[in-house]
Each structure stands twice: as structure tokens, then as C-alpha cells.
Amino acid sequence: HLLDSLAMQPYIASGTLADLGTGPGLPGIPLAITRPQLQVTLVESNGKKARFMREALRHLELRNARVAESRAEALDEP
1 HLLDSLAMQP YIASGTLADL GTGPGLPGIP LAITRPQLQV TLVESNGKKA RFMREALRHL
61 ELRNARVAES RAEALDEP
């Protein structure tokens, strides 16, 4: 799954990315690591998974990624 996540890397240079239903943070976290200029929102409705990803982002010190604990259709973002 990691290699599948990174396969998108050549097509994403900068901007914003919403990883909907991210589960364990794939592909969002690997893309945030390899593309620091990319702003990544990891969208996950499962509270346990969202807490895991918040901890992972904190440990990885990823400043360009955040977790939105929500269903995709309930997001209040463009």
C-alpha cells in the first residue's frame, strides 16, 4: 500500500489534498512526507483511527498535514 500511495507523487506537486476515508493515513501521510509543500487533510470518521493519525502526525512532526474527524459529506470546507 505504501508504494501505491507514492505512485501518485509525480502528479502532485503542491496545493491541497483531501484524503477521504483515509483509514491508516494512506496515501495522505506518505504524500505529506515526500511533498512538504503539499497541504494534506486526512478525513476519517472513525474516532479511533483519527486519534491514531493525530498521534502519528505529532510523532512525525508533519506540519503540512491535519486530521479532520468527520464524514466527507459533513465537512465544512471547500
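In the UniProt record's numbering, the protein residues as written are 1 to 78. We put the beta carbon where it would ideally sit given N, CA and C, even for glycine. Remember, predicted model here, so these are calculated numbers, not experimental data.
Here the alpha carbons of residue 46 and residue 16 stand approximately 22 Å from one another. Cβ-Cβ separation between residue 38 and residue 31: approximately 6 Å, consistent with a contact (criterion under 8 Å).
Comparing alpha carbon positions, the residue from 10, 72, 65, 61 closest to residue 44 is 72. Under DSSP, residue 39 forms a beta bridge with 16. For residue 66, the enclosing beta strand (DSSP E) stretches over residues 65 to 69.
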